[in-house]
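Following: one structure in structure tokens, then a few remarks.
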Amino acid sequence: MRTRNELYQEALRTVAARRQTARARAEDARAEAEAAIPALRHAEDEVRVRGIRCALAGASGKDRTETNAALTEARKKLTDLLAASGRPADALEPRFTCKLCQDTGVVNGRTCSCVHKVMQGLRRAEIESLSSLSISSFDTMELRYYPNKMDDSLGEPIRAYMGGLLADLRSYAEEFDHNSESLMLFGNAGLGKTHAALAIAGIVLSRDFDVIYVSSPDFFAKLEALHFGSDPSGEEETLLQTASNADLLILDDLGTEFNSAFLISTLYSLLNNRLGAKLPTIVTTNITDGSLLEKLYTEKISSRLSSFVPCLFVGEDIRGLKAAEA
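Start counting the sequence shown at 280; every next residue gets the next number (the working numbering).
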């Protein structure tokens, strides 16, 4: 799990590498064109000289009519030479990935949107490496896997209920901001809780918010190993701070981790810090009994989780249904 600053620095390196590659390819294209067109180098030098003379005339306050005309004529000769060889007018120019910042990463003194897009891609790849599912969309959550039968406790058919729930979760992602509420996606295994959480992550990431996804058993096991082992670089604190400060934290599979005093203390601190900072958190769990939740995690943690908006997932194990179709 990388911090937002680490993602930013890596994104800048990626953009800088793009610029270097574009310039190197342009130099190769220029060398190839100059070898094929003997008069090209002279034409380029003429454009360069005329451009300097035009700039000097402007800087000294002189009339630039004559120098501008000469520069225009020199550019036309260069373009004609390129066209005669079947090359476009910009054949010698670097082809930058981002036209806005020309792969510098900066526009008008501010970070270019292309850097943020690279950061989103890096975070997506990180989340997908940590989860059992790739980040997908709500469109891949097929309602046909939820039974179209009446559920008396819901007061409506399961499929209709789940259709409404997934629509609400999609809206949550599309309208996400720092004032969004925290959610608890709960229900039996195999009903799409993790899938829905990752679908939310994909939309929220695309809206330039940072999302941290952690698998509860893996995350807390790593923290505990660092806490009671060797941690010279302070990785435990970095991981906790990154999870605590994320725009959206997804804590997946709560209830499957090894329960310990360290877990209880760390989980309470994490939830308490995020609630205090009013940062949204999404928890997924197979625990459907509130009393069991309190028994596992103490009343203090249970009270924190009770402030989350409950989102009950119902139906049959989708993984089993898909396996039967295969």
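Quick reminder that beta carbons are idealized off the backbone N, C-alpha and C, glycines included.
Because the structure is a prediction, the values reported are computed rather than measured.
N- and C-terminal bounds of the alpha helix (DSSP H) containing residue i
i	result
V294	R283 to A315
C333	L319 to A338
F455	No alpha helix (DSSP H) holds F455; DSSP gives it neither H nor E.
T351	T344 to A363
I479	K472 to S485
S415	No alpha helix (DSSP H) holds S415; DSSP gives it neither H nor E.
N551	A540 to G555
Residues bridged to residue i [DSSP beta-bridge criterion]
i	result
L528	I491 and T560
R389	V386
L533	T564
D430	E435
Residue i, DSSP secondary structure in three states
i	result
F465	strand
V588	strand
E595	coil
E435	strand
L600	helix
T521	helix
M441	helix
M398	helix
S408	helix
Y425	coil
S509	coil
E516	helix
K574	helix
P373	coil
R366	coil
L502	helix
K378	coil
K341	coil
Spatially closest choice to residue i from the options, by CA coordinates
i	options	result
D307	C333, A363 and R374	R374
A468	I331, Q299 and G594	G594
T535	S494, F541, K574 and G508	S494
A475	S523, M429, L433 and S411	S411
K601	D430, L546, Y424 and F499	Y424
S581	M398, R403, Y547 and D532	Y547
L519	Y492, I316, L462 and T577	Y492
P226	F592, D487 and R598	The structure shown does not extend to residue 226, since the chain spans only 280 to 605, so no value can be given for it.
E352	R366, E407 and E325	E325
F565	L484, T473 and T390	The sequence shown places Asn at residue 565, rather than the Phe named in the question. For N565, the nearest C-alpha among the options comes from T473.
M441	G400, A603 and F417	F417
E285	R309, L401, A336 and S364	L401
A296	D382, S450, V483 and D568	D382
Q299	E372, L409, A334 and T358	E372
L445	L422, S432 and D456	L422
C377	C391, M429, G365 and N551	C391
A370	S432, I316 and A522	I316
R403	G471, I482, L350 and V386	I482
A290	D447, E515, G337 and H395	H395
A318	L360, A556 and G340	L360
S450	A480, L470, S432 and K428	A480
A348	G340, A362, C333 and K341	C333
E405	V490, A338, E323 and C393	V490
Whole-Å CB distance - residue i paired with residue j, under 8 Å assumed
i	j	result
S459	P589	That pair is no contact at about 15 Å.
F465	H506	About 28 Å separates the two Cβ atoms, so there is no contact after all.
T346	R329	7 Å
A500	F537	7 Å
G384	V294	4 Å
I561	S461	7 Å
F488	L527	6 Å
T517	T358	At roughly 54 Å, the Cβ-Cβ gap does not stay under 8 Å, so T517 and T358 are not in contact.
M420	A478	7 Å
L502	T545	6 Å
Y287	M463	Actually they do not touch by this definition, with Cβ atoms about 31 Å apart.
L554	S585	Between S585 and L554 the Cβ distance is about 11 Å, and since that is not below 8 Å, they are no contact.
R354	A312	Their Cβ separation, rounded to whole angstroms, is 16 Å, which puts R354 and A312 out of contact at 8 Å.
Check: residue i C-beta below 8 Å from any heavy atom of the ligand GTP
i	result
R332	Ligands in the displayed structure: none, and consequently the ligand GTP is not present.
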